[in-house]
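For the sequence shown, the numbering used here begins at 16 and goes up steadily by one. For glycine and all other residues, C-beta sits at the position ideal for the given N, C-alpha and C. Predicted, not measured: the structure shown is a model, and the values here were computed from it.
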Amino acid sequence: MSKMSEAITYVQPFDANFTTAFCPELVLVAGLFAMMIIPNLGKATFRIPGTQIRLPYFLGGERYSVFSNPRLPSWIAVITMIIAFVEVLMSFDGGLQRYMIVSELLPTTINEVNSGDVLVNGGSHILPGSSKELLLINGFSRLFEMIFFGALSLAAIASMNRLQSFDASDRSTNALYNNRRQADFYILLLTCGMGMAIVALAQDMFVLFLGLELASFSSYVLVAFHKESKEGTEGGMKYFIVGSVASGIGLYGISMLYLWAGSLQLGELSVAFAEAMSPQGSPALPLIALGFVLVGFGFKVSAAPFHFAAPDAYAGASSPVAGILATASKAMGIVGLTRMLLIVASPESSDGSAIWLVAL
Numbered sequence: 016m017s018k019m020s021e022a023i024t025y026v027q028p029f030d031a032n033f034t035t036a037f038c039p040e041l042v043l044v045a046g047l048f049a050m051m052i053i054p055n056l057g058k059a060t061f062r063i064p065g066t067q068i069r070l071p072y073f074l075g076g077e078r079y080s081v082f083s084n085p086r087l088p089s090w091i092a093v094i095t096m097i098i099a100f101v102e103v104l105m106s107f108d109g110g111l112q113r114y115m116i117v118s119e120l121l122p123t124t125i126n127e128v129n130s131g132d133v134l135v136n137g138g139s140h141i142l143p144g145s146s147k148e149l150l151l152i153n154g155f156s157r158l159f160e161m162i163f164f165g166a167l168s169l170a171a172i173a174s175m176n177r178l179q180s181f182d183a184s185d186r187s188t189n190a191l192y193n194n195r196r197q198a199d200f201y202i203l204l205l206t207c208g209m210g211m212a213i214v215a216l217a218q219d220m221f222v223l224f225l226g227l228e229l230a231s232f233s234s235y236v237l238v239a240f241h242k243e244s245k246e247g248t249e250g251g252m253k254y255f256i257v258g259s260v261a262s263g264i265g266l267y268g269i270s271m272l273y274l275w276a277g278s279l280q281l282g283e284l285s286v287a288f289a290e291a292m293s294p295q296g297s298p299a300l301p302l303i304a305l306g307f308v309l310v311g312f313g314f315k316v317s318a319a320p321f322h323f324a325a326p327d328a329y330a331g332a333s334s335p336v337a338g339i340l341a342t343a344s345k346a347m348g349i350v351g352l353t354r355m356l357l358i359v360a361s362p363e364s365s366d367g368s369a370i371w372l373v374a375l
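Structure, rendered in structure tokens:
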């Protein structure tokens with residue numbers, strides 16, 4: 016059996032090791048809840064029917080002065096992203112423990128455990144392939160999470176003085192509108208970070224697609240967030256249209272892969288692809304499906320011909336958002352391309368193996 020430091024610990028959601036394995040992502044979830052609750056804490060009450068008794072429920076009404084600062088959402092977002100970044104760094108301390116988040120565990124009782132077996136919650140042994148793998152926490156995924164969280168942290172800090180805000184005592188429509196947008200902007204930033212983290216960890220094509228779309232939808236709105244400007248509205252609309260078309264084509268490719276292989280697990284797709292590329296195999300359908308899937312990732316890295324909306328998106332977005340598109344969004348596309356080309360479609364050593372590296 017392999018050493019503990021080299022073993023993969025399989026955990027299900029909300030198991031004993033789930034918090035340890037998924038800590039940076041749980042920090043983002045906590046930040047999202049804090050963003051939606053803390054700025055809305057106030058003196059709201061409700062009356063018990065049939066009585067004159069009023070009980071507080073704290074959400075709404077006149078805001079408490081300590082929570083009425085319009086800059087509060089920006090501080091929550093910055094603190095959340097920095098904590099998530101630090102948690103990723105701390106995961107490397109003393110050697111990174113690898114975790115696999117699975118939807119179900121199917122333990123296999125055996126007397127002798129081979130070197131390829133893995134650990135369930137650090138104890139029980141299971142055979143590889145006996146569970147539905149969703150997310151893998153390893154050095155590769157944590158490295159890209161550092162890029163994502165670092166870029167989003169810098170964008171959150173840079174945006175603190177860019178969004179117009181007014182004193183809480185100003186009750187004009189314009190002041191209330193702009194102060195409300197503070198929370199909206201940073202909720203989108205955290206949602207974008209959550210989607211990127213899912214892409215970095217994904218071991219299933221459908222999970223990968225969900226993470227990609229979660230980050231993409233947030234970036235569409237962020238590009239057009241300054242909708243008072245003509246450039247922002249135009250850039251956001253073009254970015255949304257081109258991105259939606261690319262996502263639709265990619266989803267069609269994923270459906271073809273499932274029709275062909277009967278699974279969307281990256282490991283199972285890799286085995287099926289190797290069989291299809293053998294002399295006895297039929298590679299036409301998987302190659303077409305793979306091409307469709309790569310369209311979605313090609314849009315994220317602004318690869319031709321899905322680069323037409325990129326100039327308008329960069330011009331219409333604020334500088335911090337443009338920085339996210341140029342760094343974190345590109346890195347997310349690279350993760351998807353790497354998963355598809357070097358895991359699913361990685362050929363055996365032959366003269367044709369360089370084709371995929373050139374494509375990458």
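Just to confirm before moving on: does the CB-CB distance between residue i and residue j stay below 8 Å?
| i | j | result |
| --- | --- | --- |
| Leu111 | Gly154 | yes |
| Thr34 | Arg113 | no |
| Leu87 | Phe73 | no |
| Gly348 | Val316 | yes |
| Val310 | Met355 | no |
| Ile202 | Leu47 | yes |
| Leu151 | Met115 | yes |
| Met50 | Ala198 | yes |
| Pro39 | Ala99 | yes |
| Val350 | Phe159 | yes |
| Ser344 | Ser234 | yes |
| Met161 | Val103 | yes |
| Asp327 | Glu249 | yes |
| Leu178 | Arg195 | no |
Residue i to residue j, Cα distance in whole Å?
| i | j | result |
| --- | --- | --- |
| Pro335 | Leu266 | 30 Å |
| Glu357 | Gly226 | It should be noted that the sequence gives Leu, not Glu, for residue 357. So the two alpha carbons sit approximately 19 Å from each other. |
| Leu205 | Ser293 | 44 Å |
| Val286 | Arg157 | 25 Å |
| Gln295 | Phe314 | 34 Å |
| Gly306 | Ala360 | 11 Å |
| Gly258 | Ser231 | 8 Å |
| Phe163 | Ile63 | 47 Å |
| Phe312 | Gly76 | 45 Å |
| Met271 | Gly277 | 10 Å |
| Ile303 | Trp275 | 11 Å |
| Gly58 | Val93 | The displayed chain sequence assigns Lys, not Gly, to residue 58. Roughly 27 Å between the two C-alpha positions. |
| Val260 | Glu290 | 31 Å |
| Thr353 | Ala215 | 10 Å |
| Ala22 | Leu41 | 23 Å |
Helix, strand or coil: which one does DSSP assign to residue i?
| i | result |
| --- | --- |
| Tyr25 | strand |
| Asp219 | strand |
| Ile202 | helix |
| Glu246 | helix |
| Glu148 | strand |
| Gly277 | coil |
| Leu111 | coil |
| Phe288 | helix |
| Phe61 | strand |
| Ser156 | helix |
| Asp30 | coil |
| Ser262 | helix |
| Ser118 | strand |
| Gln197 | helix |
| Phe37 | coil |
| Met175 | coil |
| Ala166 | helix |
| Ser293 | coil |
| Ser361 | coil |
| Gly137 | In this prediction, Gly137 scores a pLDDT of 44, lower than 50, which makes its location untrustworthy; the coordinate-derived value is nonetheless stated afterwards. Here Gly137 sits in coil by DSSP. |
| Ser106 | coil |
| Ala230 | helix |
Distance cutoff 8 Å, beta carbons only. Does residue i sit that close to anything in chain C?
| i | result |
| --- | --- |
| Gly306 | Here there is only one protein chain, and chain C is not present. |
Margin query: Any contact between the segment 199–219 and the segment 278–291? By contact I mean 3 or more CB pairs, one from each, below 8 Å.
Written below: Counting Cβ pairs under 8 Å, three or more are found: they touch.
Taking one C-beta from the segment 323–333 and one from the segment 234–252 each time, how about it: are there three or more such pairs within less than 8 Å?
Because the criterion of three Cβ pairs below 8 Å is met, the segment 323–333 and the segment 234–252 touch.
**Prompt:** Does the segment 195–215 come close enough to the segment 60–71 to have 3 or more Cβ pairs within less than 8 Å?
**Reply:** The answer is no - the segment 60–71 does not touch the segment 195–215, with fewer than three Cβ pairs under 8 Å.
Exercise for the section: Starting from the N-terminal side, write out each stretch of the alpha helix (DSSP H) that is 4 residues or longer and does not extend beyond the segment 46–94. Expected result: Fully enclosed alpha helix (DSSP H) runs of 4 or longer: not present.
*asked:* Extract the residue ranges of the alpha helix (DSSP H) inside the segment 307–353, only unbroken runs of 4 or more that lie entirely within it.
replied: Runs of the alpha helix (DSSP H) inside the segment 307–353: 325–331, 334–341.
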